[in-house]
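Trainee: Residue numbers (the working numbering), protein chains in the order written: chain A, 156 to 456; chain B, 206 to 498. Submitted below is the structure of interest, expressed as structure tokens.
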């Protein structure tokens, strides 16, 4: 499974070995040797990439599911299966699964009807979406209605939410993000126009962060910022606001009191291959679900 | 033997020239091949005049990005050009030789700093500073983009202007000074007009750098795919987050598939048109200057 990484490490050892050899030779010869060695190594790495591309398990999709999937894959006992996890976004992952370029797609939003016709979804965990504010912000509790108004741009100052007189800085996500799709759906932040579902958040001029990490960085550094991100990604640089007086915790999502939650889904096209099925079984099994729980996601039991 | 090696070297030169042409050809072919079908499907007019970019709703309008790209570029040139030209005049006309040489090194270094470093600097210093002054809103904005880009185009405009100022015959300066004009007056009224072709070239090159800049503007501009709302907000719209054409491609390419991906290539096509216009302008300036001489 860690074949690529392992082999790279051994290349590095090889470089060190070769350099040690070169050290004993004279200067100009050594330089030429170095160049040659570098070229050969570069070629080997390129070739190894191609060689290893066969027979590996490609997992693509949601950047929210990716950190969890990486941990699950790392713990997967069958080391003969090499897995490659790529965070490309939910929509991209679903597309890749439909086209067959990914063996397993990851999504952090529910599938659309057209997608369901082609794919089999399996929920591997639930994840809350936390509404996060800067730790210095005095507002740490909001109603669902308030959150919705804030992200529509109807409330633009923290004083209207019981905080300081300071402008609200909205942090949203880029188009294609599963977290954004799920958040907009759960918070009713879309409107129908000419049969097209428009995002109302864009009309409120949010800063667009690409990825959970960038949301975190923005909220952590801007005192008046508010954003949303995967509950599993919340750390002590920001505060997850209470929604309708309910704290965003895995327990509260499980007992249905914290309402902003969405499923983490893996999708396969048709009947999965044996190695893919083994991975899914592992994820849904006791050990996999323990990893889910350990990383602050909600288990499926 | 000598002749064979001569031929071989000529062939090598030719090959190198062909490689650069092939590189350009490949890029053009690839962008157009991916971009044009998307343009057809969306409709060219809808694409360049639509003011909503919402790929999830299949809405692909890049007018906000075109406007932002133009505004941030014009803003950067408006801020950067006077500073650059005055700096170039100082370095070539007024500064002692030692200082001028030292400044030359500094300017070259400024030009060599990678754009991501400029962006990071902007994110760490300029954005929080604007946030502080504006009471918490407006750090990631058009304004921050203008400031960063103005800094980035300084070295281009200064060095190209300085080169053309140095090329002005010394006799012009001597004659002006002998007639009793002050050194600043000479710089401004004699040397600068004499070097104007070079200065215009410098400005256009600066525009070219600003339009194509990606990394630095992504980091500081906030990247909302909306037009700065000057109609309702007036100048305060300078402090709204907005997205450039380059930013649109870079931000979403990792997530894009299908028509969305095609629309990003179509964005690149529009960007390409911009670059061609800039290069034609440059060519026109130089041709005009050539015919005058």
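Note that beta-carbon positions come from the ideal geometry of N, C-alpha and C, so glycine has one too.
Within the 7 Å Cβ cut-off, does residue 222 of chain B reach chain A?
Mentor: Taking Cβ atoms only, chain A never reaches closer than 7 Å to residue 222 of chain B, which makes this a no.
Trainee: Between residue 240 of chain A and chain B, is there a C-beta pair that is closer than 7 Å?
Mentor: No - not a single Cβ of chain B is within 7 Å of the one on residue 240 of chain A.
Trainee: Helix, strand or coil for residue 239 of chain A, going by three-state DSSP, please let me know.
Mentor: DSSP places residue 239 of chain A in strand when its eight states are reduced to three.
Trainee: Between which residues of its own chain and residue 314 of chain A is the CB-CB distance below 8 Å, once the five residues before and five after are set aside?
Mentor: 320, 321, listed in sequence order.
Trainee: So that I know if they touch, is there some Cβ in chain A lying closer than 7 Å to that of residue 259 of chain B?
Mentor: Yes - at least one Cβ of chain A is within 7 Å of the one on residue 259 of chain B.
Trainee: Report yes or no: is there a C-beta of chain A within less than 7 Å of the C-beta of residue 460 of chain B?
Mentor: Cβ-Cβ to chain A under 7 Å: yes for residue 460 of chain B.
Trainee: With 16 as the cutoff for other CB atoms within 10 Å, does residue 220 of chain A come out buried or exposed?
Mentor: Counting Cβ neighbours within 10 Å, residue 220 of chain A comes out buried, since at least 16 surround it.
Trainee: Give me whichever residues DSSP pairs with residue 395 of chain A in a beta bridge.
Mentor: Bridge partners of residue 395 of chain A: A:287.
Trainee: The beta strand (DSSP E) that contains residue 419 of chain A, what's its start and end?
Mentor: Looking at the DSSP string, the run of the beta strand (DSSP E) that includes residue 419 of chain A is 416-423.
Trainee: CA-CA distance, residue 459 of chain B and residue 241 of chain A?
Mentor: Computed Cα separation, rounded: 11 Å.
Trainee: How big is the Cα-Cα spacing for residue 227 of chain A and residue 260 of chain A?
Mentor: The alpha-carbon atoms of residue 227 of chain A and residue 260 of chain A are separated by roughly 15 Å.
Trainee: Suppose the cutoff is 6 Å on Cβ atoms and the five residues either side in sequence are ignored; what does the same chain contact list for residue 369 of chain B look like?
Mentor: Contacts found: 400, 403.
Trainee: Roughly how many angstroms separate the alpha carbons of residue 365 of chain A and residue 465 of chain B, rounded to a whole number?
Mentor: Residue 365 of chain A and residue 465 of chain B: Cα-Cα distance of roughly 16 Å.
Trainee: Which residues bound the alpha helix (DSSP H) around residue 429 of chain A?
Mentor: First-last of the alpha helix (DSSP H) with residue 429 of chain A: 429-439.
Trainee: Classify residue 184 of chain A as helix, strand or coil using the three-state DSSP reduction.
Mentor: Its pLDDT being 46, under 50, residue 184 of chain A is placed unreliably in this model, and the value from its coordinates should be taken loosely. Three-state result, residue 184 of chain A: helix.
Trainee: State the Cα-Cα distance for the pair residue 442 of chain A and residue 283 of chain A, rounded to the nearest angstrom.
Mentor: The straight-line gap from Cα to Cα measures roughly 21 Å.
Trainee: Can you pull the DSSP bridge partners for residue 338 of chain B?
Mentor: Paired residue(s): none; residue 338 of chain B is not in a bridge.
Trainee: For the stretch 237-268 of chain B, which residues have a CB atom closer than 9 Å to at least one CB atom of chain A, in sequence order?
Mentor: If the cut-off is 9 Å between Cβ atoms, the stretch 237-268 of chain B has 257, 258, 259, 260, 261, 262, 263, 264 near chain A.
Trainee: If we cut at 7 Å on Cβ distances, does residue 431 of chain B have a partner in chain A?
Mentor: Output row for residue 431 of chain B: interface = yes.
Trainee: Closest to residue 397 of chain A by C-alpha separation, out of A:385, A:287, A:331, A:444, would be which residue?
Mentor: The candidate whose alpha carbon is nearest that of residue 397 of chain A is A:287.
Trainee: Of all Cβ atoms in chain B, is any one closer than 7 Å to the Cβ of residue 217 of chain A?
Mentor: Output row for residue 217 of chain A: interface = no.
Trainee: Please tell me whether residue 345 of chain B has its Cβ less than 7 Å away from any Cβ of chain A.
Mentor: Chain A, which has a Cβ nearer than 7 Å to the Cβ of residue 345 of chain B, makes this yes.
Trainee: Hey, does residue 178 of chain A have any beta-carbon neighbour from chain B nearer than 7 Å?
Mentor: Bear in mind that the predicted position of residue 178 of chain A carries a pLDDT of just 39, short of 50, making it unreliable; the figure below should be weighed with that in mind. Chain B, which has no Cβ nearer than 7 Å to the Cβ of residue 178 of chain A, makes this no.
Trainee: Taking the straight line between their C-alpha atoms, what separation do you get for residue 383 of chain B and residue 346 of chain B?
Mentor: Those two C-alpha atoms are separated by around 50 Å.
Trainee: Please decide whether residue 349 of chain A counts as near chain B, where near means a Cβ-Cβ distance under 7 Å.
Mentor: Cβ-Cβ to chain B under 7 Å: no for residue 349 of chain A.
Trainee: Whose CA, out of A:359, A:252, A:245, A:385, lies closest to the CA of residue 324 of chain A?
Mentor: Taking only the C-alpha atoms, the option nearest residue 324 of chain A is A:359.
Trainee: Name, please, each residue of chain B whose Cβ falls closer than 7 Å to the Cβ of residue 247 of chain A.
Mentor: Those are 460, 462, listed as they occur along chain B.
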